[in-house]
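Let me begin by presenting the structure, written as structure tokens, before commenting on it.
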Amino acid sequence: MGYTRDVAKGLGWIGFFRFGAKAIVFFKVLVAYRFLSPREVGLFGLAAIALGFLEMLTETGINIVLIRDKKPLTHFIDTAFFVSVARGIIISLILFSSSFVLPQFFRDPGLFILLIWAAVIPITKGFINPAEASFVKDLKYHKEAFFRLGLILVDVVSSILLVYRFHNALSLIWGMLIAAVAEVISSYVLLRPWPKFSFNKKIAMEIINPGKWVNLAGVVTFAEQNIDNIIVGRVLGATQLGYYQTAFNFTRSAVTEVGTSFSQVLLPIYGRIVGDEHRIRKAVIRVILPAALVMLIPVILLNTHIFQELIIFFLHDKWRPALPLFAFLSLSAWLNGMDILFSPLFLAKNHIKELTVIYSIGLVCLITALLLFTSRFGITGAATAVLVAKVLIQPFFFWRAYRMIDLNPRT
Numbered sequence: 002m003g004y005t006r007d008v009a010k011g012l013g014w015i016g017f018f019r020f021g022a023k024a025i026v027f028f029k030v031l032v033a034y035r036f037l038s039p040r041e042v043g044l045f046g047l048a049a050i051a052l053g054f055l056e057m058l059t060e061t062g063i064n065i066v067l068i069r070d071k072k073p074l075t076h077f078i079d080t081a082f083f084v085s086v087a088r089g090i091i092i093s094l095i096l097f098s099s100s101f102v103l104p105q106f107f108r109d110p111g112l113f114i115l116l117i118w119a120a121v122i123p124i125t126k127g128f129i130n131p132a133e134a135s136f137v138k139d140l141k142y143h144k145e146a147f148f149r150l151g152l153i154l155v156d157v158v159s160s161i162l163l164v165y166r167f168h169n170a171l172s173l174i175w176g177m178l179i180a181a182v183a184e185v186i187s188s189y190v191l192l193r194p195w196p197k198f199s200f201n202k203k204i205a206m207e208i209i210n211p212g213k214w215v216n217l218a219g220v221v222t223f224a225e226q227n228i229d230n231i232i233v234g235r236v237l238g239a240t241q242l243g244y245y246q247t248a249f250n251f252t253r254s255a256v257t258e259v260g261t262s263f264s265q266v267l268l269p270i271y272g273r274i275v276g277d278e279h280r281i282r283k284a285v286i287r288v289i290l291p292a293a294l295v296m297l298i299p300v301i302l303l304n305t306h307i308f309q310e311l312i313i314f315f316l317h318d319k320w321r322p323a324l325p326l327f328a329f330l331s332l333s334a335w336l337n338g339m340d341i342l343f344s345p346l347f348l349a350k351n352h353i354k355e356l357t358v359i360y361s362i363g364l365v366c367l368i369t370a371l372l373l374f375t376s377r378f379g380i381t382g383a384a385t386a387v388l389v390a391k392v393l394i395q396p397f398f399f400w401r402a403y404r405m406i407d408l409n410p411r412t
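Each residue of the sequence shown is one higher than the one before, counting from 2 in the numbering used here.
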């Protein structure tokens with residue numbers, strides 16, 4: 002049978018989740034940032050980057066393997082749980098240790114307490130039931146959508162209440178921790194089977210070996226998406242980083258949501274039809290053009306005067322220095338969204354190594370541009386560097402994706 006209906010259904014539910022999630026998070030930003038200074042936002046961003054980088058660095062690719070592999074979930078779940086718990090402990094220990102180093106590197110002692118609390122999050126999330134992957138694996142996108150939306154709502158409500166009470170960045174970390182606890186509890190209440198704490202070396206290799214390139218690709222991608230924040234934080238300080246991250250988050254979340262929504266739906270679909278080149282090719286062609294056009298809508302809106310003034314009305318005038326960055330970052334976000342659209346193709350056809358190489362080249366371009374522009378032109382220079390790096394890497398990305406779908410096969 003064809004999977005057109007599954008794609009449409011999946012996009013509907015994932016789109017619903019993404020739209021709902023971003024609407025809730027947008028509300029969180031509008032409320033929370035009114036009570037936080039740009040410096041507090043910058044400090045939270047640095048703590049979140051440290052946490053996210055360690056999570057990507059130790060990523061085992063568990064979820065991708067569980068979703069893509071045709072073996073039943075029960076084959077992996079016990080060992081996957083063992084690996085997940087061990088990973089969470091490792092991340093927490095490293096993050097705790099980094100709390101004594103990173104505040105000195107970024108020259109802001111306020112980062113210390115945020116990292117201490119952030120270190121509790123990974124070990125908590127390590128106990129999540131791996132059966133969560135069954136939602137996507139079984140194409141039950143409606144359950145995945147409501148499950149994720151509920152967790153985001155817990156994070157947002159907790160964060161807003163805490164920020165209103167304490168007016169500091171630590172409130173956002175506490176909100177993340179509360180959401181992590183909620184995810185652990187709900188994963189056992191709502192899902193079966195429950196994992197056992199046992200380890201099988203052979204099964205672990207089935208998880209880790211296919212996931213090693215997923216891991217490396219994730220690390221490179223994360224570095225590419227966050228090295229600008231690290232350099233801005235180091236060179237210009239937490240306050241300027243707060244302006245930069247606010248503009249970055251507005252543009253990236255608004256523009257790339259289309260690409261992310263399609264990506265989540267297409268990976269399990271591509272996994273089922275991989276090997277049938279005609280169906281893969283047809284699926285890619287049907288998706289790319291409409292998704293690319295839809296992503297242009299927020300790019301246009303973000304660069305209109307009325308929309309920008311509306312943002313300032315809610316956030317207060319203290320955030321006006323972020324507005325000039327929208328033009329550069331929204332265009333780079335559109336290019337990033339195009340990359341995300343093609344990522345399931347690389348993953349399904351097991352071309353993860355090539356994807357990693359392309360992102361690595363992009364990372365080198367980005368670091369070079371950031372070092373040239375940031376110290377000289379400030380946060381505007383950093384935003385320009387992000388766009389320049391994306392433009393340079395796109396020909397490589399599109400060329401390789403084009404060759405994989407082989408639109409003009411040789412006879």
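No residue lacks a Cβ here, since even glycine has one placed at the ideal position from N, Cα and C.
* Asked: What do you get for V285, buried or exposed, if any count of 16 or more other CB atoms within 10 angstroms of its CB means buried?
  -> buried
* Extent of the continuous alpha helix (DSSP H) run through R40 -> 39-58
* Is it true that the CB of L388 sits closer than 7 Å to the CB of L303? -> no
* If N227 sits next to I50, beta carbons under 8 Å apart, how far is it from one beta carbon to the other, in whole angstroms? -> 5 Å
* **Close-in-space but distant-in-sequence residues of the same chain around V155 (CB under 7 Å, 5 per side omitted)** => I179, A180, A183
* To do: Find the nearest neighbour of L346 within the set T222, V288, Q241, judged by alpha-carbon distance.
  => V288
* Length of the line joining the Cα atoms of S172 and A328 -> 31 Å
* Asked: Do V416 and A334 have their CB atoms nearer than 7 Å?
  -> No answer is possible for residue 416: the residues shown for the chain start at 2 and end at 412.
* Please check the pair I25 and V233, which I expect to be a contact at CB under 8 Å, by giving their CB distance rounded to whole angstroms. => Not a contact, Cβ separation roughly 27 Å.
* Asked: Going by alpha carbons, who is nearest to Y245 out of F28, V185, S98, A323?
  -> A323
* Asked: What distance in whole Å lies between the Cβ atoms of S188 and E133, which are believed to be in contact at a cut-off of 8 Å?
  -> 6 Å
* Asked: Since K354 is in the alpha helix (DSSP H), which residue starts that stretch and which ends it?
  -> Annotation: the continuous alpha helix (DSSP H) that includes K354 extends over 353-406.
* **Counted within 10 angstroms of its Cβ, other Cβ atoms place W175 as buried (16 or more) or exposed** => buried
* Just the C-alpha distance for V365 and I114, rounded to the nearest angstrom, thanks. => 32 Å
* To do: Return the CA-CA distance between L112 and Y403, expressed in angstroms with no decimal places.
  => 44 Å
* Integer-rounded CB distance, given that D79 should sit under 8 Å from K197 -> 5 Å
* Taking the C-alpha atoms as reference points, what is the distance between F101 and V236? -> 20 Å
* Asked: Anyone know if the C-beta pair for F397 and I353 falls short of 7 Å?
  -> no
* **Reference N1; option with closest CA among L330, L74, L55, R35** => Because residue 1 is not part of the residues shown, which for the chain are 2 to 412, the question remains open.
* Are the beta-carbon atoms of R40 and G243 separated by less than 7 Å? -> yes
* To do: For R253, count neighbouring Cβ atoms within 10 angstroms of its own Cβ and tell me buried if that reaches 16, exposed if not.
  => buried
* Along the chain, which unbroken stretches of the alpha helix (DSSP H) at least 4 residues long are found entirely within the segment 293-339? -> 306-316
* **Counted within 10 angstroms of its Cβ, other Cβ atoms place M2 as buried (16 or more) or exposed** => Bear in mind that the predicted position of M2 carries a pLDDT of just 44, short of 50, making it unreliable; the figure below should be weighed with that in mind. Flag for M2 reads exposed.
* To do: For P325, I'd like the list of residues in its chain whose CB is within less than 7 Å of its CB, leaving aside the five on either flank, ordered along the chain.
  => The answer, listed in chain order, is T381.
* **Cutoff 6 Å; reference T412; Cβ partners in own chain excluding five residues on either side** => Its pLDDT being 43, under 50, T412 is placed unreliably by the model, and the measurement read from it follows with that caveat. If we look at T412 and ignore the five residues flanking it on each side, it has no Cβ neighbours.
* **Minimum length 4: unbroken alpha helix (DSSP H) runs contained in the segment 147-229** => 171-191
* To do: Might you give, ordered along the chain, the residues of its own chain that have their beta carbon closer than 6 Å to the beta carbon of I90, omitting 5 neighbours on each side?
  => Only I124 meet the Cβ criterion.
* Asked: Could you check where the alpha helix (DSSP H) with V102 kicks off and where it finishes?
  -> Neither: V102 is in no alpha helix (DSSP H) and is coded neither H nor E.
* Asked: Hey, how far is the Cα of R166 from the Cα of L47?
  -> 22 Å
* Near M177, which residues of its chain fall below 7 Å by C-beta distance, leaving aside the five closest residues on each side in sequence? -> I122, D156
* Of all the options L348, L290, G338, which has the alpha carbon lying nearest to the alpha carbon of G300? -> According to the sequence displayed, residue 300 carries Val and not Gly. For the residues L348, L290, G338, the minimum Cα distance to V300 belongs to G338.
* Asked: Going by alpha carbons, who is nearest to S38 out of T375, R321, I95, L336?
  -> R321
* Asked: What's the call for D109, buried or exposed, on a 16-neighbour Cβ count within 10 Å?
  -> buried
* Cβ neighbour criterion (16 or more within 10 Å) applied to F128 -> buried
* To do: Return the CA-CA distance between L316 and A81, expressed in angstroms with no decimal places.
  => If I take the Cα positions, the gap works out to 43 Å.
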